[in-house]
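Since the structure comes first, as structure tokens, the remarks are kept for the end.
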Amino acid sequence: MTQRIKVADLPEFDAAPYLDSKAAIAAYLTDILEANDPALLA
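Each residue of the sequence shown is one higher than the last, beginning at 0 in numbering that gives the first Met the number 0.
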């Protein structure tokens, strides 16, 4: 049997610890701008 996980039970993701270089920050910003979702910038 497969255990179901509720999205509401997951911890909030914080990308900041992974943005450890200018290249990583640029890639992150490029990806969220290409997604065209204003909520990703909030």
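Beta carbons: idealized from backbone N, C-alpha and C, even for Gly.
key: Boundaries of the alpha helix (DSSP H) in which T29 is found, first to last residue   = For T29, the enclosing alpha helix (DSSP H) covers residues K21 to A34.
message = Do I24 and L18 have their beta-carbon atoms positioned less than 8 Å apart in this structure?
response = By the CB criterion at 8 Å, L18 and I24 fall inside the cutoff.
ask   = Quick one: what does DSSP say A15 is sitting in, helix, strand or coil?
value = Correct three-state label for A15: helix.
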